[in-house]
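Q: Below is the structure I would like to discuss, written out as structure tokens.
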Ligand SMILES: [Zn+2]
Ligand SMILES: [Zn+2]
């Protein structure tokens, strides 16, 4: 039985768009969605009108058991970006005849003399890495952002009126750094100890604090695995800082600001409170953190890491929060690796309040991390964002709830430790 208070919160946090009717497939499913404009209701109108009784009966009419959307096409709303994802759970059983990638399970040495990230080795610009013993941060030798660009907006001088609308450019200043997580060439973050993961968290926090003095947006991220285009297996991440808000940050900034104005509470604080009462999307959790497959996930096993209290940025995390985060990351990464028995590839990154900003000007922000892993059905079958997804909107077959359940089933000690 659905609790009224949960439903109320759920409908503040999500909008659900489902066409009533029998399960459909192929072209039919696409037509159903297109015809939604002509249906006898809109999801938003239902949400605004409905009391709890109506919501419950609507959930039944739409084939939703509890808060689960089971076996028919529907769209889910991402309140952080304002975008929708098409979910087609009825397709999850179709046969796969596409690309099969070979997992790379080659044993690596703990030190590789040819690796530009290993301690003591020479990099592309001729500098040598120090003989570091835990983490090491340096400026990327091939930085995508530079600190000394001329400022201003520009458009070609000829036909200036039209060009200023259609051919806009602006300057951007920034810096790109590399963070080596460990001197060990052969380990991944999942295989580091909690103590070592905590050191990485501390570096992320101190780098954010330092770069926030000069730059508006600090993007900490990690690309892991060859399928994510990671060119070096040595465990490392990156930090790109820029004096502008990039697209994803701008979308999240606007959506979180409007949510706070409407609900007097930050969007992701409400979302974490809601998910904490609905165990179906939780993958791992502890006293201070939650990792969930978000309701609106696009990537098959995407997760969102959320603190349980309102925190603006990584440097604001206290000692116990950092310790609990190390515990949560260790368990989440082991869970990912266990799923298909390989070091799980992903892109992950932290989003926190932009700089500068006192608490009142960025109170709509909540610190969080996104994990976007591409693997779909095995170590060798990955998801591609092509076709309808490039031209229409993102689509997935497995529901967020099914993905979370699969991850929970393997959430235990790292598979490598058991061998
Ligand atoms: Zn190395
Ligand atoms: Zn985000």
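Residue numbers (this note's numbering): 15 to 433.
Just so you know, even glycine gets a beta-carbon here, dropped at the ideal spot from N, CA and C.
1. If you measure between the beta carbons of residue 8 and residue 152, is that distance less than 9 angstroms?
2. Spell out the partners DSSP gives residue 386 in its beta bridges.
3. Between the region 406 to 422 and the region 294 to 310, are three or more C-beta pairs nearer than 8 angstroms?
4. If we count the other Cβ atoms within 10 Å of its Cβ and call it buried at 16 or more, is residue 149 buried or exposed?
5. What residue from 351, 346, 347, 370 has the CA that sits closest to residue 231's CA?
6. For the region 243 to 256 against the region 374 to 390, do three or more pairs of beta-carbon atoms, one drawn from each stretch, fall closer than 8 angstroms, so that the two count as touching?
7. Short check: CB of residue 409 to CB of residue 84, under 9 angstroms?
8. Give me the Cα-Cα distance between residue 210 and residue 374, rounded to the nearest whole angstrom.
9. Do residue 225 and residue 255 count as a contact pair if the criterion is CB distance below 9 angstroms?
10. Starting from residue 264, follow the alpha helix (DSSP H) in both directions and report where the run begins and ends.
11. Would you kindly work out how many angstroms separate the C-alpha atoms of residue 315 and residue 360, rounded to a whole number?
12. Return the first residue and the last residue of the alpha helix (DSSP H) that residue 417 is part of.
13. For residue 91, list the residues DSSP reports as bridge partners.
14. How would you call residue 238, buried or exposed, if buried means at least 16 neighbouring beta carbons within 10 angstroms?
15. Quick one: give me the first and last residue of the beta strand (DSSP E) that residue 303 is part of.
16. Using the C-alpha atoms, what's the distance from residue 280 back to residue 383?
17. With a threshold of 8 angstroms on Cβ separation, who are the neighbours of residue 186 within its own chain once the five nearest residues in sequence on each side are excluded?
18. For residue 243, which residues in the same chain have their Cβ closer than 7 angstroms to its Cβ, ignoring the five residues on either side in sequence?
19. Considering only their Cβ atoms, is the gap separating residue 221 from residue 260 smaller than 9 angstroms?
20. Does DSSP put residue 238 in a helix, in a strand, or in coil?
21. Do residue 90 and residue 104 come within 9 angstroms of each other at the CB atom, strictly closer than that value?
22. Closer than 6 angstroms by C-beta to residue 136: which residues in its own chain qualify, once you throw out the five before and the five after it? Chain order, please.
23. With a threshold of 8 angstroms (Cβ to nearest heavy atom), would residue 259 be considered close to ligand 2?
24. Tell me which residue opens and which closes the alpha helix (DSSP H) that residue 213 is part of.
25. Using only alpha-carbon positions, find the residue among 340, 341, 421 that is nearest to residue 351.
26. Mind checking whether residue 358 and residue 329 have CB atoms under 9 angstroms apart?
27. Considering only the beta carbon of each residue, do residue 320 and residue 286 sit closer than 9 angstroms?
28. Are there 16 or more other CB atoms within 10 angstroms of the CB of residue 333, so buried, or fewer, so exposed?
29. Please tell me whether residue 349 and residue 425 are closer than 9 angstroms, where the distance is taken between their beta carbons.
30. What does a CB cutoff of less than 7 angstroms around residue 313 pick up in its chain, not counting 5 residues either side in sequence?
31. Within 10 angstroms of the Cβ of residue 402, are there 16 or more other Cβ atoms? Answer buried if so, exposed if not.
32. Given 8 angstroms as the limit, tell me if residue 324 has its C-beta closer than that to any heavy atom belonging to ligand 4.
33. Go to residue 337, then tell me how far its alpha helix (DSSP H) extends in each direction, as first and last residue.
34. Among the candidates 336, 306, 138, 391, whose CA atom is the shortest distance from the CA of residue 212?
35. Within the same chain, show all residues whose beta-carbon is closer than 8 angstroms to that of residue 368, passing over the 5 residues directly before and after it, in chain order.
36. Where does residue 321 sit, in a helix, a strand or coil, going by DSSP?
A: In this structure, then:
1. Nothing about residue 8 can be reported from this structure: the residues present for the chain run from 15 to 433 only.
2. 361
3. yes
4. Residue 149 is buried by the Cβ-count criterion.
5. Measuring from the Cα of residue 231, the nearest candidate turns out to be 370.
6. Taking a cut-off of 8 angstroms for Cβ pairs, the region 243 to 256 and the region 374 to 390 do not touch, as fewer than three such pairs fall below it.
7. No Cβ-Cβ contact shorter than 9 angstroms links residue 409 with residue 84.
8. Rounded to the nearest whole angstrom, the C-alpha separation of residue 210 and residue 374 is 34 angstroms.
9. yes
10. 261 to 277
11. 10 angstroms
12. Segment 414 to 423, the alpha helix (DSSP H) holding residue 417.
13. 98
14. By the C-beta density criterion, residue 238 is buried, having at least 16 other C-beta atoms within 10 angstroms.
15. Membership of residue 303 in the beta strand (DSSP E) is indicated by the continuous run 303 to 306.
16. If I take the Cα positions, the gap works out to 16 angstroms.
17. 159, 163, 256, 257, 258
18. 237
19. no
20. Strand, per DSSP.
21. no
22. 142
23. no
24. 208 to 225
25. 421
26. no
27. yes
28. exposed
29. yes
30. Around residue 313: 386, 387, 388, 397.
31. So residue 402 counts as exposed.
32. In terms of ligand content, the structure shown lacks ligand 4 and carries ligand 1 and ligand 2 instead.
33. 333 to 354
34. 336
35. 230, 231, 259, 263, 267, 376, 379
36. DSSP, reduced to helix, strand and coil, places residue 321 within a strand of the structure shown.
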